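Heads up: the protein sequence lines correspond to chains A and B, in order. If you use this note's numbering, the first sequence corresponds to residues 2 to 242, in order. If you use this note's numbering, the second sequence corresponds to residues 46 to 336, in order. Heads up, the beta-carbon is just placed ideally off N, CA and C, and yes, glycines get one too. The model shown is predicted, which means the values in this text are computed figures rather than measured ones. Read through the structure below, which is laid out as structure tokens, and then see the notes.
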Amino acid sequence: MSPQDAGRVRVAGVSKAFPRRFGAATLRLQHAGPSTGQDVALADVTFDVGAGECVALLGTRRSGRTTMLRTIQGVFSPDAGHVLVRGRIGGLVAMGVGFSPALRVRDCLTLNGALLGASPEELGPVVPDVLAFAGEGPKVLGFRLRDLPGPRRRRLAYGLALHLPADVMLADGVVTFGDDAMQEAGATMLERHREAGAALVLATNRAPLVRRLCTRAVVLDAGRVVHDGPVGPGLRRLRKR
Amino acid sequence: MRTEDAGSLTWREPWRPGGVASIWRRRRLIWELSKAQRSKRYQGMILGRIWAYIGPITQFTVYFFVIGIILGLSRQVQNFPLYIFSGLVVVQFFNASLTACTRSITESRAIVRRTAVPHVLLPLSRVVTEVVRLGPPLVVLLVAALATGWRLDAAALLVAIAGMALLTLFVAGLGTITAVADVFVRDTRQFVDVTTMLTRWATPVIYPWTLVQDQFGDGWLTWLYLANPVTIATFGMREAFWQPTVEEGLPPMPLPSLVIGITVAVLAVAVAAVVLRRFDQGIVQRLRWSA
């Protein structure tokens with residue numbers, strides 16, 4: 002991989018604030034920078050993520066991890082600074098979006114894939130792997146989602162999120178779930194993404210998972226970066242909070 | 046598991062409101078969203094898609110008997126059933142599209158909060174759904190036209206298609222504005238309900254527009270009354286389906302009304318683009334808190 006091909010995510014001086022109360026006055030404020038009457042979610046955050054790198058975003062509640070992830074994803078735009086990405090963004094952040102009980106499983110997979118930018122041509126070869134991952138046969142594609150119990154739905158959603166091609170993988174909250182075998186399979190898939198050259202950003206505080214998958218940790222505290230470096234010190238810093 | 050073109054990727058900002066090129070690139074997603082909405086609509090019903098025919102036929106029958114027979118308008122307009130139905134199809138499309146668009150963003154919270162999909166795709170997918178749903182009423186209209194001596198007039202059919210395209214553009218613009226408004230102002234749905242009720246009576250669907258001309262004369266008041274994309278589309282549909290079945294049709298739409306109506310449609314799209322750009326982040330922030 003050439004050096005110019007190595008970067009995947011560039012976060013430079015990003016700040017983001019949210020209005021405390023949303024009303025008529027907020028409509029006027031929403032493009033203003035961090036100021037009184039607003040909750041500062043991110044303050045001058047800077048870090049890069051390269052291809053084949055896995056970065057853990059560590060932090061307590063209201064540290065700004067989710068906002069950071071959503072800003073990389075493109076849901077939020079920064080008030081100041083900029084975020085740049087290279088390649089398609091995928092991962093677990095949009096897991097199961099578009100899944101509706103009234104739809105057939107096939108349509109749910111297609112819609113969720115389309116929401117993540119995957120064409121039916123890209124989705125087609127992935128579906129057998131998703132079904133195998135979720136422990137389902139091809140028959141399930143014709144079932145209405147409401148006919149499946151919750152855990153089976155979630156396995157399908159999780160499987161699709163893990164199998165869609167992506168250059169930047171983002172995960173927030175759910176990184177692995179289910180029984181031990183499912184958790185192991187999920188972690189293995191994320192490792193395979195990383196080894197294939199995707200950049201991973203995981204907003205999780207689960208130490209065993211972070212140690213296993215991540216090559217670096219960025220610790221956020223009240224929206225500021227207080228550590229950007231090796232995983233071990235990052236986790237220790239988190240425990241001190 | 047990188048994407049195939051991962052080696053030749055360029056840096057880009059992940060956040061962007063949807064421009065025309067961005068919408069075109071995501072046309073497949075618009076179609077998938079629309080497909081999902083259509084799948085849900087009649088799902089689990091015994092009569093299923095037959096309801097798509099029952100609705101327009103019932104509505105037509107009610108209007109025909111009440112307005113045509115009981116109020117006696119069928120004596121003033123030749124082939125009144127076709128006259129009324131060719132207009133109803135248009136108004137029904139406009140009303141259904143506007144109502145669906147208005148709810149499109151607030152009903153798609155998960156998409157807004159958890160994906161970077163441009164918000165404009167949500168109302169657009171609803172418009173596509175309603176365009177597809179035009180199929181059954183158009184079939185009923187065609188059957189009714191054929192039964193009353195209709196013959197194909199290619200030029201008139203093109204006029205009808207152009208009119209419906211203009212209306213689609215207009216409702217996409219207006220629906221996007223109301224969809225954004227619905228996120229911030231709870232009164233929006235009530236406003237849209239009143240608008241759709243007014244549209245049914247403020248456009249010459251049930252009565253001939255010449256009745257208005259008789260009241261207000263041939264001046265600017267009549268022009269303004271006619272100057273909207275719903276009426277332009279109604280004229281187009283009449284030109285294509287009703288006019289060929291009668292000996293004496295109604296006069297064509299005055300040119301000033303046509304020009305103003307087209308301008309209104311283009312303005313609606315322009316205002317929608319400005320509104321979306323202005324409130325794009327506000328939408329996410331607003332829906333971030335709501336349940």
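Residue-chain proximity (residue i, chain A), Cβ-Cβ < 8 Å
i	result
residue 156 of chain B	yes
residue 59 of chain B	yes
residue 54 of chain B	yes
residue 73 of chain B	yes
residue 276 of chain B	no
residue 329 of chain B	yes
residue 81 of chain B	yes
residue 336 of chain B	Because the pLDDT of residue 336 of chain B is 45, which lies under 50, any placement of that residue in the model is unreliable, and the number read from its coordinates should be weighed accordingly. Residue 336 of chain B does not count as touching chain A.
residue 67 of chain B	no
residue 149 of chain B	no
residue 302 of chain B	no
residue 326 of chain B	yes
residue 84 of chain B	yes
residue 77 of chain B	yes
CB contact check: residue i to chain B, cutoff 8 Å
i	result
residue 237 of chain A	no
residue 74 of chain A	yes
residue 134 of chain A	no
residue 33 of chain A	Summary for residue 33 of chain A: the model assigns pLDDT 44, below 50, so the residue's position carries little reliability, and this model does not support an answer.
residue 36 of chain A	Note that residue 36 of chain A scores 46 on pLDDT, short of 50, meaning its location in the model is unreliable and no value can be drawn from it.
residue 86 of chain A	yes
residue 234 of chain A	no
residue 139 of chain A	no
residue 159 of chain A	no
residue 148 of chain A	no
residue 16 of chain A	no
CA-to-CA distance, residue j to residue i, given in whole angstroms
i	j	result
residue 223 of chain B	residue 150 of chain B	10 Å
residue 21 of chain A	residue 171 of chain A	27 Å
residue 84 of chain A	residue 227 of chain A	19 Å
residue 120 of chain B	residue 112 of chain B	11 Å
residue 105 of chain A	residue 145 of chain A	4 Å
residue 248 of chain B	residue 140 of chain B	12 Å
residue 29 of chain B	residue 136 of chain B	The question about residue 29 of chain B has no answer, for chain B in this structure spans 46 to 336.
residue 194 of chain B	residue 185 of chain B	15 Å
residue 208 of chain A	residue 218 of chain A	11 Å
residue 301 of chain A	residue 169 of chain A	Outside the displayed span of chain A (2 to 242) sits residue 301 of chain A, for which this structure offers no information.
residue 332 of chain B	residue 57 of chain B	26 Å
residue 160 of chain B	residue 305 of chain B	39 Å
residue 293 of chain B	residue 105 of chain B	23 Å
residue 216 of chain A	residue 233 of chain A	10 Å
residue 314 of chain B	residue 237 of chain B	17 Å
residue 166 of chain B	residue 72 of chain B	9 Å
residue 17 of chain A	residue 93 of chain B	48 Å
residue 103 of chain A	residue 170 of chain B	18 Å
residue 197 of chain B	residue 122 of chain A	40 Å
residue 258 of chain B	residue 148 of chain B	36 Å
residue 9 of chain A	residue 47 of chain A	14 Å
residue 190 of chain A	residue 130 of chain A	11 Å
residue 324 of chain B	residue 201 of chain A	31 Å
residue 188 of chain B	residue 131 of chain B	12 Å
residue 66 of chain A	residue 120 of chain A	30 Å
residue 236 of chain A	residue 59 of chain A	8 Å
Nearest candidate by alpha-carbon position, reference residue i, set the options
i	options	result
residue 95 of chain A	A:210, A:7 and A:112	A:112
residue 73 of chain A	A:49, A:63, A:215 and A:62	A:49
residue 284 of chain B	B:116, B:216, B:88 and B:206	B:206
residue 87 of chain A	A:75, A:98, A:80 and A:97	A:75
residue 145 of chain B	B:163, B:241, B:68 and B:125	B:241
residue 138 of chain B	B:90, B:276, B:267 and B:106	B:276
residue 209 of chain B	B:300, B:274, B:153 and B:292	B:274
residue 51 of chain A	A:58, A:65 and A:195	A:195
residue 98 of chain B	B:215, B:227 and B:183	B:183
residue 27 of chain B	B:122, B:95, B:69 and B:91	Residue 27 of chain B falls outside the range modelled here, since chain B spans only 46 to 336, and no answer is possible.
residue 152 of chain A	A:128, A:141, A:222 and A:179	A:179
residue 63 of chain A	A:80, A:43, A:56 and A:78	A:43
residue 216 of chain B	B:319, B:168 and B:148	B:168
residue 317 of chain B	B:118, B:225 and B:131	B:225
residue 13 of chain A	A:81, A:221, A:7 and A:56	A:81
residue 298 of chain B	B:282, B:126 and B:95	B:282
residue 177 of chain B	B:77, B:70, B:116 and B:319	B:77
Within-8 Å CB hit, residue i to chain C
i	result
residue 78 of chain A	Absent from the structure is chain C; the protein chains it does hold are A and B.
Residues that DSSP places opposite residue i in a beta bridge
i	result
residue 17 of chain A	A:43
residue 83 of chain A	A:13
task: Output, in sequence order along the chain, the residues in the region 160-192 of chain B whose CB is closer than 8 Å to any CB in chain A.
output: Of all residues in the region 160-192 of chain B, the ones placed with a Cβ closer than 8 Å to any Cβ belonging to chain A are 160, 161 and 162, in chain order.
- Item | chain B contacts from the region 114-126 of chain A (Cβ-Cβ distance under 7 Å) | Per Cβ criterion, the list reads 115, 116 and 120.
Point to revise | Interfacial residues, the region 267-300 of chain B to chain A, with Cβ spacing under 9 Å | key: Identification of residues in the region 267-300 of chain B having a C-beta nearer than 9 Å to some C-beta of chain A yields an empty set.
* Asked: Just by C-beta distance, which residues in the region 87-106 of chain B are closer than 7 Å to chain A?
  -> 88
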